[in-house]
Structures are given as C-alpha cells and as structure tokens.
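The structure under discussion appears below in the form of structure tokens.
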Amino acid sequence: MAAEGNAIDALGQFVLYPALGQVGSAVGFTNSNLYMVFAGVLIVALMVYGMREAAMVPGRMQGLAESAYGFIDDMVVAQVGEEGRRFFPFVFTLFMFILFGNMLGLFPYAFTFTSHITVTFALAATVFVLVTAVAIALHGRKFFGYFMPEGAPMWLAPIIIPVEIVSYLSRPISLSVRLFANMMAGHVMLKVFATFVVMLAGLGTVGPVLSLMPLALNIALVAFEVLVAFLQAYVFAILTCIYLHDAVHLH
Amino acid sequence: MDDREAFAKRLADARAKSGLDKPERGKRALPSSTWGVGLRAGVEVVSALIVGVVIGLGLDRWLGTTPWLFLLFFVLGAAAGVSNVYRLFAPRTGVRKD
C-alpha cells in the first residue's frame with residue numbers, strides 16, 4: 044500500500060472495507076467493527092480471566108485488571124465525588140474501550156477505529172446525552188440556570204445565554220475532535236515516515252544509510268504513540284468525569 | 443484495641459517514611475504540558491466556532507435570513523470559544539471542596 048509509484052499513501056490505512064467475507068459485506072460489517080469486537084472481547088477476557096481466582100496476592104493479569112479498576116475508581120471519586128460511584132461502570136467501559144481501540148491500532152496491519160470521527164463523535168454524543176439527562180434528572184428545571192451564571196447582571200443575559208449554550212454544545216465536538224485528531228495525526232505520521240524508509244532505501248548505495256534516519260524517528264514515534272494512546276483515553280475519561288461533576292453539582 | 447491503634451500508627455509512620463502513600467491523593471488533573479495545553483485550547487476554540495457556524499447556517503436556511511444569523515452565531519461561537527479557553531485556565535470552582 045505504501046510507496047506505490049513513489050506516492051505517499053498516508054490515508055489508505057483509514058479505508059473501511061467489509062470484514063468476515065460474504066456475511067460481513069451483506070450486513071455492512073467492516074474492519075472497524077471487527078476491531079471494536081476485538082477490543083470488547085479482550086476487555087471482557089482481561090476482567091474475567093484476570094479476576095478468575097481473585098487471589099489475595101494477585102498474579103499478573105489480576106494485577107492489571109485490579110489496577111485498571113482502581114485507576115478509574117480513583118478518578119471518578121476524585122472528580123465527581125463519592126456520589127459519582129454509580130457512574131463508575133460507564134466511565135470504566137468508555138476508558139477501556141478507547142484505550143484498547145488506541146492500543147490495538149498500534150499493531151501492524153491493525154485498524155484504529157478511534158481514528159474515525161464518526162466513532163469518536165458517537166462516543167462523545169453518548170457522553171453528552173448522558174450528562175444532560177443526569178443533570179435534568181437531578182436538578183429538573185434548575186439545570187437551565189446553568190446557562191446563566193450567578194452574579195452576572197441581568198442586562199447581559201441576552202449575550203451570556205446564547206454564548207453559554209454554544210459553549211455547552213461545543214463539548215461533544217471538542218471531546219470527539221481531540222481523540223480523533225490525535226489518533227489520526229499519529230498514524231499518518233507513522234505512515235509517512237515509514238514510507239520515507241522504503242523510498243530512501245531504494246536510492247542506490249547511500250540510500251540504506253539515509254533510510255536509518257526516518258527509521259529511528261519512527262521507533263521514537265511508536266513509543267510516543269503508545270503514550271498518546273493512553274493519554275487520550277485518559278483525557279476522554281477525565282473530561283467525562285468533569286462533565287459528570289458539573290451535571291451532579293451544577294457549579 | 444490499644445495494640446491495634448498503636449500498630450495502625452506504626453504502619454502509617456512506616457508507610458509515610460518509605461513514601462508509599464501518595465501525599466496528594468485525588469489531585470489528578472488533566473496533563474499540562476505546553477503542547478497539550480496549546481492543542482487543547484485550539485480544539486476548544488475551533489469546536490465552539492464549528493457549533494456556532496452550524497447553528498447559524500441551519501437557522502439561516504430554515505428562516506431564510508441569509509447571512510444575518512450566520513454572522514451573529516459566528517460571533518457567538520467565537521465568544522463561546524474564548525470562554526471555553528478561559529474556563530480551561532481559570533481554577534475550577536467546586537472540585538473537591540467536599
């Protein structure tokens with residue numbers, strides 16, 4: 044796919060195609076869906092297999108499962124407060140799904156479903172709807188007071204309220220664009236530099252030596268991408284927690 | 443009972459001495475590297491502008507008031523973007539004051 048006819052095809056890796064042969068193309072099951080199923084199966088496997096023994100002294104898998112659980116539990120309690128515990132399953136699912144999606148995408152030949160804005164926007168829209176529903180369920184009509192900060196003079200209301208509404212509506216956009224842009228940019232960079240390796244290697248005698256430079260850069264980039272993959276899942280989860288905090292406490 | 447309290451105290455002291463307890467638990471915040479903050483601010487502004495522009499164009503098409511509502515909501519989106527960025531740096535009130 045890369046470096047065919049000296050062109051850099053950095054976006055070919057994001058193309059959707061039907062997976063699972065005949066059945067997949069009949070129902071529109073794409074490679075993206077396949078990796079979502081992978082992620083889900085791996086998460087369930089980690090939690091079920093890891094906690095199978097529930098030993099006092101945890102083994103490796105149990106340690107991993109427990110630290111993932113504890114990590115999100117700490118985050119939810121610290122950001123939302125003790126009453127935010129009931130949102131733990133939601134935040135945990137979200138975090139693990141995004142983390143596994145990002146990490147699985149780093150494997151060679153794998154597809155990164157979080158590099159599609161449709162996927163990330165669907166996730167962000169779910170968060171947005173849930174947060175709004177929680178706020179309205181807990182506070183009823185007082186929720187709409189959220190758009191008019193206390194202490195602001197009344198005559199500013201015609202300006203402040205539309206601005207606050209637009210700002211509120213921009214949350215799912217910024218949430219989804221951040222994740223999508225980070226994942227997509229990282230994978231494009233990896234692909235571009237990988238293509239440079241191939242192109243430079245074909246440049247006669249000095250080529251292979253020169254191609255070591257983009258290769259070294261790519262190795263560093265892969266490490267960086269692992270960091271980004273974790274960090275973006277973390278940022279998505281913690282922003283969800285912050286929005287939930289706003290919904291539960293309304294300032 | 444006394445024994446247990448003494449033990450708890452000794453355990454807490456020992457943990458503190460070897461640095462096992464994180465002193466600032468729950469102070470997890472968003473990562474704040476220069477690049478991270480810069481990109482986040484950019485995303486906040488752009489997404490508020492997108493929302494403003496989409497609402498403006500949609501209302502214009504519906505009410506046939508091209509281009510006035512678009513212009514109005516473009517400005518509102520820009521203002522919302524600025525307020526998003528302000529909120530990014532302003533200390534968040536109400537977190538963890540429980």
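Line by line, the protein sequences are chains A and B.
Counting from 44, one number per residue, gives the positions in the first sequence under this note's numbering.
Counting from 443, one number per residue, gives the positions in the second sequence under this note's numbering.
Beta carbons are placed, not taken as given, at the ideal position from N, Cα and C, and that holds for glycine.
Check: Rounded to the nearest angstrom, what separates residue 510 of chain B and residue 478 of chain B at their Cα positions?; Outcome: 36 Å
Check: Against chain B, does residue 51 of chain A count as a neighbour if the rule is that its beta carbon must be under 8 Å from one of theirs?; Outcome: no
Check: So the alpha helix (DSSP H) residue 478 of chain B belongs to, where does it begin and stop?; Outcome: 476–505
Check: Closest Cβ-Cβ distance between residue 205 of chain A and chain B: below 8 Å?; Outcome: yes
Check: Which first and last residues belong to the alpha helix (DSSP H) in which residue 250 of chain A is found?; Outcome: 250–253
Check: Which residues in chain B have a C-beta closer than 8 Å to the C-beta of residue 160 of chain A? List them in chain order.; Outcome: Neighbours of residue 160 of chain A on chain B: none; closest Cβ ~12 Å, over 8 Å.
Check: Any beta-carbon of chain A closer than 8 Å to the one on residue 530 of chain B?; Outcome: no
Check: With 8 Å set as the bound, which would you pick, yes or no: does the beta-carbon of residue 212 of chain A sit closer than that to a beta-carbon of chain B?; Outcome: yes
Check: What does the Cβ neighbour count give for residue 65 of chain A, buried or exposed, with the cut at 16 atoms within 10 Å?; Outcome: exposed
Check: When the Cβ atoms of the region 484–493 of chain B are set against those of the region 513–526 of chain B, are three or more pairs found closer than 8 Å?; Outcome: yes
Check: Per DSSP, which one or two residues make a beta bridge with residue 61 of chain A?; Outcome: A/73
Check: May I have the straight-line CA-CA distance separating residue 228 of chain A from residue 212 of chain A, to the nearest angstrom?; Outcome: 25 Å
Check: Hey, how far is the Cα of residue 172 of chain A from the Cα of residue 56 of chain A?; Outcome: 31 Å
Check: Are the beta-carbon atoms belonging to residue 223 of chain A and residue 260 of chain A less than 8 Å from one another?; Outcome: no
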